[in-house]
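Protein chains: 4
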Amino acid sequence: MVGGGPGAFIGDVHRKAIALDGSAVLAAGCFSRSHEGTLATGRALGVDPARLYRSFDEMAAAEATRDDGIDFVVIVTPNGSHHAAARAFLSHGIHVACDKPVTLEVEEAEELAALARKNDLLFCVTYTYTGYPAVKQAREMVGSGELGEIRFVNAEYAQEWLATPLERDGKHKQAAWRADPKETGRSLCVGDIGTHVENLVRTVTGLRISSLSARLDTLVPGRALDDNATILLDYEGGARGVYWASQVAIGRDNALRLRIFGSSGAIEWAQEDPDHLRVSRLGRPTELVSRGRDTFQPAAQRHSRIPAGHPEGYFEAFANIYRTFTAALAKKKRGAVLDAGDLDFPSVEEGISGVRFVHRCVESSSRGSARLKF
Amino acid sequence: MVGGGPGAFIGDVHRKAIALDGSAVLAAGCFSRSHEGTLATGRALGVDPARLYRSFDEMAAAEATRDDGIDFVVIVTPNGSHHAAARAFLSHGIHVACDKPVTLEVEEAEELAALARKNDLLFCVTYTYTGYPAVKQAREMVGSGELGEIRFVNAEYAQEWLATPLERDGKHKQAAWRADPKETGRSLCVGDIGTHVENLVRTVTGLRISSLSARLDTLVPGRALDDNATILLDYEGGARGVYWASQVAIGRDNALRLRIFGSSGAIEWAQEDPDHLRVSRLGRPTELVSRGRDTFQPAAQRHSRIPAGHPEGYFEAFANIYRTFTAALAKKKRGAVLDAGDLDFPSVEEGISGVRFVHRCVESSSRGSARLKF
Amino acid sequence: MVGGGPGAFIGDVHRKAIALDGSAVLAAGCFSRSHEGTLATGRALGVDPARLYRSFDEMAAAEATRDDGIDFVVIVTPNGSHHAAARAFLSHGIHVACDKPVTLEVEEAEELAALARKNDLLFCVTYTYTGYPAVKQAREMVGSGELGEIRFVNAEYAQEWLATPLERDGKHKQAAWRADPKETGRSLCVGDIGTHVENLVRTVTGLRISSLSARLDTLVPGRALDDNATILLDYEGGARGVYWASQVAIGRDNALRLRIFGSSGAIEWAQEDPDHLRVSRLGRPTELVSRGRDTFQPAAQRHSRIPAGHPEGYFEAFANIYRTFTAALAKKKRGAVLDAGDLDFPSVEEGISGVRFVHRCVESSSRGSARLKF
Amino acid sequence: MVGGGPGAFIGDVHRKAIALDGSAVLAAGCFSRSHEGTLATGRALGVDPARLYRSFDEMAAAEATRDDGIDFVVIVTPNGSHHAAARAFLSHGIHVACDKPVTLEVEEAEELAALARKNDLLFCVTYTYTGYPAVKQAREMVGSGELGEIRFVNAEYAQEWLATPLERDGKHKQAAWRADPKETGRSLCVGDIGTHVENLVRTVTGLRISSLSARLDTLVPGRALDDNATILLDYEGGARGVYWASQVAIGRDNALRLRIFGSSGAIEWAQEDPDHLRVSRLGRPTELVSRGRDTFQPAAQRHSRIPAGHPEGYFEAFANIYRTFTAALAKKKRGAVLDAGDLDFPSVEEGISGVRFVHRCVESSSRGSARLKF
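So the sequences go chain by chain: A, B, C and D. Under the working numbering, the residue at position 258 of the first sequence is numbered 258, and the numbers go up by one with no gaps. Under the working numbering, the residue at position 335 of the second sequence is numbered 1335, and the numbers go up by one with no gaps. Under the working numbering, the residue at position 127 of the third sequence is numbered 2127, and the numbers go up by one with no gaps. Under the working numbering, the residue at position 44 of the fourth sequence is numbered 3044, and the numbers go up by one with no gaps.
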């Protein structure tokens, strides 16, 4: 693992999600820019001190040469370092799981994709929310035509946490780096959460954006980047959509929500109630479908561990991504050919789309919400 | 009453809403373009046959000269006739309550407003949804600064009923006229329901639109007008908003919903659960406020008839508009001066704003969602 | 109307509910024990002063002899006067609509029923909650076997309003008489709201109680009667049930809720969201059925006035009872034979069952929650 | 681990919950009555074959003598074997975590409690649902008097899964043993899920049952034991309650729900939405409190791993029990004295209360729902 040292939030989530299924064992790390930080974290996690590294370059080089070298690396640093770290490991022939956004620049993401292809390596971008079984179920339903032709998508992601200038109070490390253009890139809100919306819609509907028009707002005075954004989407084939992302939405914890309307049905999912789908069919009462019931299709149901009514959550969604990714690695290692089911985790292609999305939104907004080709 | 004859829906709603409180008595009418229709409806409603008219012009002229002539007229014809009918009654010194949209053209609405002013007449446009006590409460909370400075508004109105080309099956009179540009004007979805969103936000927040950018979609093939619309709003003072209106949203009955985010609080209201507000304050748990409890402010509470937990609905919202309008008429008749509380019903100014909104949306959409001054 | 004078709540509800549909016109009254009260209320309501009476006896006698005498009387006095008032009107050949509980004693209710039968009069007991279209729909679904054989019923009615000793603060007339055994009878909570639960279950399921075991609690110290009750029911045919009624349930406005479980399906309804039913079928997702959609059966749909998504509420439920009752009166007056659909309002038989229910609960509780034959 | 072999559900849940935090490592096992089953499961889980045992007696004896012997055993066999297995390990000085109900007989549970005390061993009974942070929060709120004096408790646990005679179709191993009196003891529904209700109320409110009256129903014809139960509770100090448990409640997945009413507030929690509490205070709007927000008290918040809006679920609740239990073991091993916070997991005392509850319910029901001292 690269990143995930003292004070980090997401690194521990990755580790617990992997541990839940025993998908992998943490064998080496460069957890912090400070070596002391890495040593402290490594000790706490029981990692062999010989495999605690001063830099990710050193780690990539060293692990690549060990007989018992790591099978894949997990990259959970702030956004700005993803590209260099991922390149280092890919270059040494090591598979990669990387947090989103995969890079700051589209070209960087494309370079990583090319490198992975060239070296025949798997590259997973951990868009957590697509790991939920109900999201898989929604995708299966759309894919099998249960909603008819998709006409309109309304998706949103609302949070309260940046409704005040938290990044300036000196105590919130996460708020500070996320609001700092040098660490986070060109966008705060679209980059941090808007991109999850883009990925969720892309995954569930299969729709490809043809053009978009975005308005990024800075609603907390003095903030350097956007904290709220509204985006109009035109998709290939004629469907339309609107996305709203906000980090100043008082009263909302982590309210990612997806509504898809087709010509014969509609579906709604809310991340804060992840085990249920609301499914509507033309002229029929809306149905509440529970994760774990037989009404889930196999490609969704296999991502569920316990019966309906026993809530699964964020860790389990994360764990689903790792369980699929590590199973694919194992199968690949055995020399077997991977099929689409094996690759049912977010790939570097998703990552490229995500970075492009952030860029197009920023550009459109800076040009008066002009409609731009995607 | 003008309009509201056989097969009409909204005329009967107006009559029942007036009857609930005994706000007025139906004394005369021209319910239908066919005199036979008017006679039949009049008979069924027990109206004096001598006061059943062949045209609204005849009715306005005749009633204006009777000692017991009507105090006000209710206009519930299809949109295209509102202007002429309202003008006739205003010209004869009769107060008017008219369905929305008040006219097809902005200039027509402005003419009616001028005429009402000149003849010292009250003019109510029956935007039903602002009659709900919880909407009044939301307005009071915003007005008294409980949410801080308003930053963002997300409002929507979603229905399923036109998800198929209902207007072409020959059986749905309402769908037919609403989807016909000659009867309904330039827009189906924005004119029919989007305008309710505009009015609701304007009423509750007091925000005035400075510019907007709209995309109107025709998602059911072959339809002449829009059936779905997404609109980005910039308000005077810097707040931002997004409205979504759809008549092809499968699974939604009449899902008008309002979310307002301020610098210190937020509020949410859904028309299908009209007796409750969700109120959030920075860093605090969200509260569910019930209509009828003491937590409602007096200006909202007086629009409530029964205790909390005894549901009030659409008729009661409608009745609130009529009760306020007729009380103002009575007070005016007594020669008293009307204050803001007396005039707490949607006025012709609201109507003008609504027609302008429809026009700007249509124009923006036809120009590639260009941002237009409002 | 008898009762419903100054300060009363329910009298005005009856009047508005009748006015909504113009089911009847208020022609005479004895609104208060004080004649001044009656005169004041009568004036305010525009009743002919000659038909404002000093007592219900006087009113019954006088109206019975007028050519334009009232067709039926509405009795909305405190519980203790229902019997005498109803008897007076029935004796004079006048139909009766009476608030619940119909009487304090079972024998009194049975006497009224016998008198109505003898004089061929209709007798409606206004159990409001069975007037909701969704309740009719639930009844139709149970009746047509859609849920299979009914196995278990869980019904409850929870309110907050008596969580403090409101009846002792001298300001709440309603709390005072309801908590006073002399006015209210043997039970506060079961008599006031528990009886609505009994009626709702009886109406929807058709189940007849064979025995019950009740525990009545006085949870606010110093109160003379019960303010909370839990009742175990055995029904004829083997189904079982539990009812809970509480007036000390902080946070609840008027939370009447019904859940019915059958061998192949289940249904849930909550009075505070009256337009929706939750319908579950074995192994299937739960459905949310909206009042006003085609999925409602005709016997339910005809009690709905406006489309789905336009909320109907308490007044409309009440109005449904009056609309049905007055239509039956009119049909009877025409000499036609009334069928079951005509009589789809709560009858005096429901009233008898309600009074018996209160008595059995009080008796069981006083005998250590002994199981008693019903 | 004892139990949890092929086809078992709960054993895997225990293992994953332990793995999530790395609370412990699985070192030895007797997973099945068949040694082949144990070997297969052990192989799949990577357990040293030398530590895969033919019986729990053999395992207890062997592990007790190893230097690297297990610190504690997890017992997840069908109910009937809990007592013998637990006794074996306690006798050999090994701490125990055991599934609920801890034993079939009260005396057996008391014997285990005495044995644990005598040998200074920790004994955890894995009542999962008390591991949720929101349950801890509810307990803290009650304990600190935020709801005033507790007056009434309404708790329920409803499931659909046994609405048909699943145990007789030959395919559902779990249904078969749970419905078989020889394996499950005297009660199906009360023993399987009713006991969770008892434990949850006991934990959150601290109330102790003084007497109860129960009616156990067999609503699916031909079933040997109860599948539905309603229980009236009197608590020490005067509070009252009602519990309902059902395994034939069509439409319900795993609907454990708790409502507590005090003299100044009330609280509601539903296991299927475990991250939220509904908190009501006298005369105030109900609040929706999110797990992970600052409004949670420290004793609850420390059982939360991720921010509000990132759902935690059943595994995390389970993991909280193990994390607390193993931390207490580690602290004890270091020779430190354990305080109440250290022991914040369900103990064998909870287990005794649970078994007694099942017995009293069965006895009361068999005696016509007689009220029995607890």
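Just so you know, even glycine gets a beta-carbon here, dropped at the ideal spot from N, CA and C.
Annotation: Cβ neighbours of residue 1283 (chain B) in chain D (cutoff 9 angstroms, chain order): 3293, 3294, 3295.
Contacts with chain D at 8 angstroms (Cβ-Cβ) do not include residue 31 (chain A).
Take the alpha-carbon of residue 2351 (chain C) and the one of residue 2036 (chain C): they are about 32 angstroms apart. With respect to the C-alpha of residue 1322 (chain B), the residue from B:1029, B:1072, B:1053, B:1032 having the closest C-alpha is B:1072. Along the length of the segment 2286–2360 of chain C, whole beta strand (DSSP E) runs at least 3 residues long occupy 2286–2290, reported in chain order.
Contact of residue 1048 (chain B) with chain A by beta-carbon distance below 7 angstroms is absent, the smallest such distance being about 43 angstroms. Looking at the backbone, the Cα of residue 211 (chain A) and that of residue 240 (chain A) are separated by about 10 angstroms. Only residues of its own chain outside the window of five on either side were considered, and among them 206 have a CB closer than 8 angstroms to the CB of residue 143 (chain A), listed in chain order. Counting along the chain, residue 1095 (chain B) sits inside the beta strand (DSSP E) bounded by residues 1095–1098. In this structure the segment 2147–2166 of chain C does not lie against the segment 2321–2339 of chain C, because fewer than three pairs of beta carbons, one per stretch, are closer than 8 angstroms.
Assigned with DSSP and collapsed to three states, residue 75 (chain A) falls in strand. Rounded to whole angstroms, the gap between the alpha carbons of residue 3013 (chain D) and residue 3110 (chain D) is 27 angstroms.
Approximately 18 angstroms separates the beta-carbon atoms of residue 57 (chain A) and residue 97 (chain A); this is outside 8 angstroms, ruling out the contact. Pairwise C-beta distances place the segment 2076–2096 of chain C in contact with the segment 2120–2138 of chain C, as three or more of them are shorter than 8 angstroms.
In the three-state scheme derived from DSSP, where H, G and I count as helix and E and B as strand, residue 3193 (chain D) is classed as helix. Near chain D, meaning a CB-to-CB distance below 9 angstroms, the residues of the segment 2224–2236 of chain C are 2228, 2230, 2232, 2234.
Annotation: the continuous alpha helix (DSSP H) that includes residue 2135 (chain C) extends over 2133–2143. For residue 1246 (chain B), the chain A residues whose C-beta falls within less than 8 angstroms of its own C-beta are 152, 261, listed in chain order. Taking a contact as a CB-CB distance under 8 angstroms, the pair residue 2155 (chain C) and residue 2258 (chain C) counts as one, their CB atoms being some 5 angstroms apart.
Shortest Cα-Cα distance from residue 2349 (chain C) to any of C:2284, C:2202, C:2194 involves C:2202. Collapsing the DSSP output to three states places residue 3129 (chain D) in a helix. Residue 1347 (chain B) is classed as buried because its beta carbon has at least 16 other beta carbons within 10 Å across all chains shown. Take residue 199 (chain A), set aside five residues on each side of it, and the residues of its chain with a beta-carbon closer than 8 angstroms to its own are 100, 127, 129, 130, 346, 350, 353, 354, in chain order. The straight-line gap separating the alpha-carbon atoms of residue 1228 (chain B) and residue 2260 (chain C) is approximately 39 angstroms. For residue 3163 (chain D), at least one C-beta of chain C is nearer than 8 angstroms to its own C-beta. The C-beta distance from residue 309 (chain A) to residue 274 (chain A) rounds to 13 angstroms, too long to fall under 8 angstroms, and the pair is not in contact. Under the three-state reduction of DSSP, residue 276 (chain A) is assigned to strand. Counting of Cβ neighbours within 10 angstroms places residue 103 (chain A) among the buried residues, the total reaching 16 or more. Exclusion of the five residues before and after residue 2296 (chain C) leaves 2137 as the residues of its chain whose Cβ lies within less than 6 angstroms of its Cβ. The beta-carbon of residue 264 (chain A) is placed no less than 8 angstroms from the nearest beta-carbon of chain C. The beta-carbon of residue 2306 (chain C) is placed less than 8 angstroms from the nearest beta-carbon of chain B.
Listed in chain order, the non-local C-beta contacts of residue 315 (chain A) below 8 angstroms within the same chain comprise 13, 16, 17, 20, local neighbours out to five positions each way being set aside. Residue contact check for residue 3288 (chain D) against chain B: a CB pair falls below 8 angstroms. About 6 angstroms separates the CB atoms of residue 361 (chain A) and residue 231 (chain A); that is less than 8 angstroms, so the two are in contact. Cβ-Cβ separation between residue 1150 (chain B) and residue 1262 (chain B): approximately 5 angstroms, consistent with a contact (criterion under 8 angstroms). Of the residues A:293, A:342, A:77, the one whose Cα lies closest to the Cα of residue 324 (chain A) is A:342.
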